[in-house]
Amino acid sequence: MIAFWVLSILLVISAVLVVTARKPVYSVVYLIANFVLLAIMYVTLSAEFIGIIQIIVYASAILMLFLFVMALLSTSTEAFSVGPDRMPWVTLPAIGLVVVLLGFLAYGLLRQPIAIHPAAGAALNGAPGTANAFGSVGDFGAALLTTHLLPFEVTAFVLLVAVIGVVMLASDAAPMATTGRHRARRRGARLREPITKPRDAAGKGSVR
Amino acid sequence: MIGVAGLLTRRNPLIMLMAIELMWNAANLSLLAFARAWLNNAGQIFAFLVITVAAAEAAIGLAIVLVTFRRARNVDVDEVASLRG
C-alpha cells in the first residue's frame with residue numbers, strides 16, 4: 001500500500017518534469033524514470049509480463065529512438081533555443097483543461113465504489129513468479145494466443161504498416177516521374193527547396 | 209492529464225511526442241489496474257496492444273519530425289505551421 005503512494009507521487013513528479021524541462025534531453029531522462037516507475041507499479045499490479053515488456057520496449061527502444069532523433073536534430077542550434085513556455089494565454093487554458101479532466105476523473109471514481117473481484121485479494125497474494133498465476137507469462141501467453149488471437153495478428157499488421165510508413169517517410173528517394181524526366185527533376189528540385197521560402201504568384205507553386 | 213497540458217504548451221515536437229507517450233502510459237496504468245481488480249486478462253492483453261501501437265505511432269511521429277526538419281531546418285511547431293510544400 002505504501003509502495004503505491006510512493007510510486008504515485010514519484011510518477012506525478014517525473015511526469016511534470018518531463019513536460020516542463022528546459023532541455024529535451026532532460027525530458028528524455030525524466031521519461032525514462034517515469035517508465036521505470038510505471039514498470040514497478042505494473043509489477044505491484046501483478047502484471048509482471050507487461051512490466052518487463054514496458055522496460056524492454058518503452059524504456060529502452062522508444063526512448064533510444066527519441067535520443068537518436070534529438071541527436072540528428074541538434075545540428076542546428078537555433079532549433080532548441082526556443083523557450084519552454086508559450087505566451088500565458090495558452091498556458092492558463094491548458095491548466096484549466098487539466099483541472100476539468102481531473103474533475104471528470106474524480107467524479108467517475110467517487111460516484112460508485114469500484115467493484116473488486118472477490119478473489120482478487122486472496123488469489124494474488126501468492127508468489128508472483130508461479131506459472132499460470134494471474135499476469136504471469138504463462139497466463140498472459142495462453143490468453144494472448146487462444147482467446148485474443150485476432151488482436152495479436154492485427155497488431156503484427158499494424159507494426160508492418162508502421163515500418164513501411166517510416167521507411168517511406170525517411171528515405172531520400174527521388175520522386176517518381178509522371179510525364180518525363182525533366183518534370184521529375186524539376187519537381188525533385190522543388191522538393192529540395194526549404195519550405196519557408198516564399199513562392200511567386202504563378203507557376204512554381206502549382207502541382208503540375 | 210499532465211500529458212495533455214504538456215502537449216498543448218510545448219513547442220518542441222519531440223516533447224509533444226513524449227507527452228503523447230505519457231498519455232498512452234496513463235491509459236495503460238488504468239487498464240492494468242482494472243485488469244487486476246476484476247481479475248480479467250483482457251486488460252493486460254489490451255495494455256500489450258497499447259504498448260505496441262504507441263511504439264508504432266512514436267516511430268511514425270519521429271519520422272515525420274525528421275522529414276520536416278530536413279526541409280524546414282526548424283523544429284518549432286509554431287514556425288512550421290503551414291501544410292504547403
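Listed in order, the protein sequences are those of chains A and B. For the first sequence, the working numbering begins at 1 and goes up steadily by one. For the second sequence, the working numbering begins at 209 and goes up steadily by one. Ideal Cβ placement from N, Cα and C applies to all residues, glycine included. Just so it is clear, the structure is predicted and the values come from calculations on it, not from any experiment.
Residue range of the alpha helix (DSSP H) that residue i falls in?
| i | result |
| --- | --- |
| V154 of chain A | 149 to 170 |
| T44 of chain A | 24 to 44 |
| W5 of chain A | 2 to 20 |
| I223 of chain B | 221 to 245 |
| I53 of chain A | 48 to 53 |
| V57 of chain A | Per DSSP, V57 of chain A belongs to no alpha helix (DSSP H) and is neither H nor E. |
| L73 of chain A | 63 to 73 |
| A142 of chain A | 137 to 142 |
Less than 8 Å separating the beta-carbons of residue i and residue j?
| i | j | result |
| --- | --- | --- |
| N233 of chain B | L38 of chain A | yes |
| A263 of chain B | I62 of chain A | yes |
| V258 of chain B | L239 of chain B | yes |
| N34 of chain A | L7 of chain A | no |
| R278 of chain B | A47 of chain A | no |
| Q252 of chain B | F140 of chain A | yes |
| P24 of chain A | I272 of chain B | no |
| V275 of chain B | A170 of chain A | yes |
| A241 of chain B | L45 of chain A | yes |
| V36 of chain A | I53 of chain A | no |
| F152 of chain A | L144 of chain A | yes |
What separation, rounded to the nearest whole angstrom, lies between the Cα atoms of residue i and residue j?
| i | j | result |
| --- | --- | --- |
| L160 of chain A | A267 of chain B | 12 Å |
| V19 of chain A | A71 of chain A | 19 Å |
| P93 of chain A | I9 of chain A | 24 Å |
| F4 of chain A | M41 of chain A | 7 Å |
| Y107 of chain A | I13 of chain A | 23 Å |
| L17 of chain A | L230 of chain B | 12 Å |
| F104 of chain A | L97 of chain A | 11 Å |
| Y26 of chain A | T146 of chain A | 42 Å |
| G138 of chain A | F49 of chain A | 9 Å |
| I2 of chain A | I95 of chain A | 29 Å |
| V166 of chain A | A235 of chain B | 25 Å |
| L73 of chain A | Y58 of chain A | 21 Å |
| S136 of chain A | R218 of chain B | 39 Å |
| E265 of chain B | W246 of chain B | 29 Å |
Between residue i and chain B, is any beta-carbon pair separated by less than 8 Å?
| i | result |
| --- | --- |
| G165 of chain A | yes |
| G126 of chain A | At G126 of chain A the pLDDT is 48, less than 50, meaning the model places this residue with poor confidence; the figure from the coordinates comes in the next sentence. By this cut-off, G126 of chain A is not an interface position. |
| T155 of chain A | yes |
| A174 of chain A | Caution is warranted here: a pLDDT of 49 is assigned to A174 of chain A, below 50, making its placement in the model unreliable, and the coordinate value is therefore given only provisionally. False, the Cβ-Cβ gap to chain B never drops below 8 Å. |
| I52 of chain A | no |
| M70 of chain A | yes |
| M15 of chain A | It should be noted that the sequence gives Ala, not Met, for residue 15 of chain A. At least one chain B Cβ lies under 8 Å of A15 of chain A. |
| L65 of chain A | yes |
| L38 of chain A | yes |
| V19 of chain A | yes |
| L7 of chain A | no |
| L149 of chain A | no |
| V43 of chain A | no |
| G29 of chain A | Before going on, a small fix: residue 29 of chain A reads as Val here, not Gly. It does not: the Cβ of V29 of chain A has no partner Cβ on chain B nearer than 8 Å. |
| I2 of chain A | no |
| Y58 of chain A | yes |
| L145 of chain A | no |
| S46 of chain A | yes |
| I55 of chain A | no |
Compare the C-beta of residue i with all C-beta atoms of chain A and state if any pair is closer than 8 Å.
| i | result |
| --- | --- |
| I228 of chain B | no |
| A264 of chain B | yes |
| A250 of chain B | yes |
| A235 of chain B | no |
| V275 of chain B | yes |
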